[in-house]
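Trainee: The structure under discussion is supplied below as structure tokens; questions concerning it will follow.
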Amino acid sequence: MRKSDGRPWLMRPREKHDLVFCHNDLSANNVIVDPVTLKIKAIIDWEYGGFFPPEFEKPFYLRAGPSVALPGEIDDTDVLTNMMNEEKL
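Residue numbers for the sequence shown follow UniProt numbering, beginning at 1 and rising by one.
So, in structure tokens, the structure goes:
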């Protein structure tokens, strides 16, 4: 994952060992569903995937559009970034 200026983003060491594998862009746009059976066939677009605190994997699939904050929605990017930077040993 990279910062907006292109530099790599590094997480500080954490006291808790609670990281989980997150897609980080799970929305209806990234789930391929069989139109007949309605079974999930694939989940795509994994470039933001990785091990993160559980708070990073929110139910973005409930949004009507993409997983980014739309006008009128709260953009929690700074909150999540600060959470990662404030964690200390």
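Cβ atoms here follow ideal geometry from the backbone N, Cα and C, with glycine treated the same way.
1) Measure the Cβ-Cβ separation of residue 90 and Lys39 and say whether it is below 8 Å.
2) Could you give the C-beta distance for Leu26 and Pro53, rounded to a whole number, given that I count them as a contact under 8 Å?
3) DSSP has residue 90 in a bridge; who is on the other side?
4) Among Pro35, Val36, Pro71 and Phe51, which one has its Cα closest to the Cα of Arg14?
5) Does Pro13 come out as helix, strand or coil in the three-state DSSP assignment?
6) Quick one: what's got a C-beta closer than 7 Å to Cys22's C-beta in the same chain, skipping five residues either side?
7) Just to check my reading of the structure: Asp75 and Ala69 have Cβ atoms closer than 8 Å, yes? What is that Cβ distance to the nearest angstrom?
8) First and last residue of the beta strand (DSSP E) that includes Phe21?
Mentor: Short version:
1) Because residue 90 is not part of the residues shown, which for the chain are 1 to 89, the question remains open.
2) In the sequence shown, the residue the question calls residue 26 occupies position 26. In the sequence shown, the residue the question calls residue 53 occupies position 53. Rounded, the Cβ-Cβ distance is 16 Å, inconsistent with contact.
3) In the structure displayed, the chain extends from 1 to 89; residue 90 sits before or after that span and is not available.
4) Start at 1 with the first residue of the sequence shown, and residue 14 comes out as number 14. Answer by Cα proximity: Phe51.
5) Numbered from 1 along the sequence shown, position 13 holds the residue referred to as residue 13. It is coil, neither helix nor strand.
6) Residue numbering aside, residue 22 sits at position 22 when the sequence shown is read from its first letter. So the qualifying residues of the chain are Gly49, Gly50, Phe52, Phe56 and Glu57.
7) On the sequence shown, position 75 is the one that residue 75 refers to. On the sequence shown, position 69 is the one that residue 69 refers to. For Asp75 against Ala69, the beta-carbon gap comes to about 4 Å, under 8 Å, which counts as contact.
8) As a first step, residue 21 is located in the sequence shown; it is residue number 21 there, counting from the start. Val20 to Cys22 is the extent of the beta strand (DSSP E) around Phe21.
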